[in-house]
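Have a look at the structure below before the remarks.
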Ligand SMILES: [Zn+2]
């Protein structure tokens, strides 16, 4: 299961206007399907985002992260990446990304942090990746962080799903919510061939597909992922 956590922050002095987004006064976004009207969060105010990828990811993982970014950059130039050193306390028990009072990025820069194991992982055994965002009450992005845990014990996902998980989390970093499960939508009890289920932004991924017994791989965007991103950013 891929999941994410959002935290809200109330900072009345921050009012960022997102690029793109054809949002009307009544909140309706014409280019989103009726049942995905709420499938978005704060947009990125300025692209590309500057992404610092933890230097403790191994070379294969880095290559897959870069490939996932290229996938989204094919829709819009969302990401500009560098490999860097993660502040030491980001991997300690004392670091809680839900604490929006502490700066761990800004609206234009975020870290992708590699975790390793259970002891400091706050998201649960079946959550190999999470994106935490702090937003203003007015819907502006303040900061965000992505955390990936490739070796979570007792998990039920497969190593070959690493890039799929990162691709999903990157969708959250540009403000896409899940393809289902937001207010007013069709819910997530969808047949496998439903376009919202086939989307990278579907909230779960199978470690063993009934049809093949193989792990589900989602490294390409489907039409719904692509069109929602295009819609929100007027691409
Ligand atoms: Zn998610």
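Residue numbers (the working numbering): 2 to 236.
Note that CB positions come from ideal geometry on N, CA and C, so glycine has one too.
Keep in mind it's a predicted model, so treat the numbers as computed, not measured.
In this structure, the CA atom of residue 95 is about 11 Å from the CA atom of residue 123.
Separation of residue 153 and residue 61 (C-alpha to C-alpha, rounded to the nearest whole angstrom) is 18 Å. One Cα belongs to residue 197, the other to residue 220, and the distance between them is close to 15 Å. With respect to residue 208, residue 216 sits close: the two C-beta atoms are nearer than 8 Å. In the assembly as shown, residue 178 is a buried residue. Its beta-carbon has 16 or more other beta-carbons within 10 Å.
Within a 10 Å sphere around the beta-carbon of residue 55 sit 16 or more other beta-carbons, which makes this residue buried. In the structure shown, residue 55 adopts extended strand secondary structure according to DSSP, grouped into three states. Checking the DSSP bridge columns, you'll see residue 174 has no partner listed.
According to the DSSP assignment, residue 112 belongs to the beta strand (DSSP E) that extends over 110-115. Between the C-alpha atoms of residue 63 and residue 109 there is a straight-line separation of about 21 Å. Note on residue 83: under 16 other CB atoms within 10 angstroms of its CB, so exposed under the neighbour-count rule.
The residue among 224, 226, 194 and 144 with its C-alpha nearest the C-alpha of residue 211 is 194. Here residue 29 has 38 as same chain residues with Cβ atoms under 8 Å from its own Cβ, once five neighbours each way along the sequence are excluded.
Residue pairing for residue 132: DSSP places it in a beta bridge opposite 147. With a cutoff of 8 Å on beta-carbon distance, residue 50 and residue 80 are scored as near each other. Taking C-beta atoms under 8 Å as the contact rule, residue 150 and residue 129 qualify, at a distance of about 5 Å.
Out of 206, 121 and 70, the CA that lies nearest to the CA of residue 159 is found in 206. Contact check for residue 71 against residue 136 fails: the beta carbons are separated by 8 Å or more. Taking 7 Å as the cut-off, the C-beta of residue 204 counts as close to a heavy atom of ligand 1.
Residue 82: not part of any alpha helix (DSSP H); member of the beta strand (DSSP E) spanning 80-85, first to last residue. Taking a 10 Å sphere around the C-beta of residue 165, we find 16 or more other C-beta atoms and assign the residue as buried.
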